[in-house]
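Numbering (mature numbering (1 follows the signal peptide of the UniProt record, and there is no 0)), first residue to last: -22 to -1, 1 to 253.
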């Protein structure tokens, strides 16, 4: 996609409504967080090549709020990610989720995981880091306190959480949900979490499933070993018997007990590290 086409696409891009087609059928366990006491909306965040759509939520009352970047799964910023933003806002945060695949395509309308993976595989890490930087800059103009900045992400976004914590020294802490830890170095994805673990300065909490077939426990242990050689004081929790996406209440993979425990651990972790 050339720069002109990118600008044209970004200028007209919008967020998904409801759940991504590929995520259906939706589980009866789905959590729906209301907007009572909140301000919510969509934003168009300025970037170098156009306006990046995002969903945000914050408390109605208050002058300044800690910022939480919420990084999407491969399904994009659909209803589940938007609901997570509202959950954070209920806790007193300005939570914002930018649509990080928007230049490569609209994954919300695709019906198969294979189609989505073709889109996601084209997203450069450098582009994502720059878009998250732009998102922080925008949030800081919307009652967000960039001195109290956290990041969390799920699946694809879990990997990005580790990488952005290494990229931006302003990040105070993060929580990575079942993000891939190892991989081949390519032009678009030159480094993976295990490659930045030893140099990481930011304390990140990793939340992983013991029965995640896509993230072998051997790679989790490899990440733990690398973290021990650094100074970030990061930690990884593995939930025995939990599959991938155990927090995704709209999917069959949801494990209520593990999800609730991990959500509480995240809150405690963020508070311990000043966010």
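Ideal Cβ placement from N, Cα and C applies to all residues, glycine included.
Buried versus exposed, by CB contacts within 10 Å (16 or more), residue i
i: residue 12; result: exposed
i: residue 2; result: exposed
i: residue -19; result: The predicted position of residue -19 is uncertain, since its pLDDT is 45 and thus under 50; no value can be drawn from it.
i: residue 42; result: exposed
i: residue 195; result: exposed
i: residue 136; result: buried
i: residue 150; result: buried
i: residue 157; result: buried
i: residue 165; result: exposed
i: residue 51; result: buried
i: residue 125; result: exposed
i: residue 246; result: exposed
i: residue 86; result: buried
i: residue 44; result: buried
i: residue 20; result: exposed
i: residue 168; result: exposed
Rounded straight-line distance, which links the Cα of residue j to that of residue i
i: residue 60; j: residue 5; result: 17 angstroms
i: residue 39; j: residue 203; result: 43 angstroms
i: residue 214; j: residue 197; result: 12 angstroms
i: residue 105; j: residue 223; result: 25 angstroms
i: residue 254; j: residue 57; result: In this structure the chain extends from -22 to 253, so residue 254 is not present and cannot be described.
i: residue 27; j: residue 7; result: 39 angstroms
i: residue 221; j: residue 188; result: 7 angstroms
i: residue 242; j: residue -9; result: 32 angstroms
i: residue 217; j: residue 99; result: 28 angstroms
i: residue 15; j: residue 37; result: 6 angstroms
i: residue 234; j: residue 252; result: 27 angstroms
i: residue 123; j: residue 116; result: 11 angstroms
i: residue 172; j: residue 93; result: 28 angstroms
i: residue 128; j: residue 147; result: 11 angstroms
i: residue 48; j: residue 199; result: 25 angstroms
i: residue 248; j: residue 155; result: 14 angstroms
i: residue 55; j: residue 206; result: 33 angstroms
i: residue 132; j: residue 65; result: 15 angstroms
i: residue 84; j: residue 76; result: 13 angstroms
i: residue 62; j: residue -3; result: 15 angstroms
i: residue 69; j: residue 35; result: 11 angstroms
i: residue 101; j: residue 134; result: 11 angstroms
i: residue 176; j: residue 219; result: 28 angstroms
i: residue 107; j: residue 225; result: 24 angstroms
Counterpart residues of residue i in DSSP-defined beta bridges
i: residue 36; result: 17
i: residue 51; result: 54
i: residue 155; result: 132, 185
i: residue 43; result: 122
i: residue 4; result: None; residue 4 has no bridge partner.
i: residue 25; result: 28
i: residue 232; result: In the DSSP output, where bridge partners are listed per residue, residue 232 has none listed.
i: residue 217; result: 187
i: residue 75; result: 33
i: residue 149; result: 127
Beta-carbon separation (whole angstroms), residue i vs residue j, contact threshold 8 angstroms
i: residue 159; j: residue 244; result: Going by Cβ atoms, the distance from residue 159 to residue 244 rounds to 18 angstroms, so no, they are not a contact pair.
i: residue 109; j: residue 30; result: 6 angstroms
i: residue 97; j: residue 82; result: 5 angstroms
i: residue 185; j: residue 240; result: 5 angstroms
i: residue 103; j: residue 141; result: 6 angstroms
Limits of the unbroken alpha helix (DSSP H) element including residue i
i: residue 193; result: Premise fails: residue 193 is in no alpha helix (DSSP H) and is neither H nor E.
i: residue 98; result: 91 to 98
i: residue 171; result: 171 to 174
i: residue 112; result: 103 to 117
Any chain C beta carbon closer than 8 angstroms to residue i
i: residue 9; result: The structure shown contains no chain C, having only a single protein chain.
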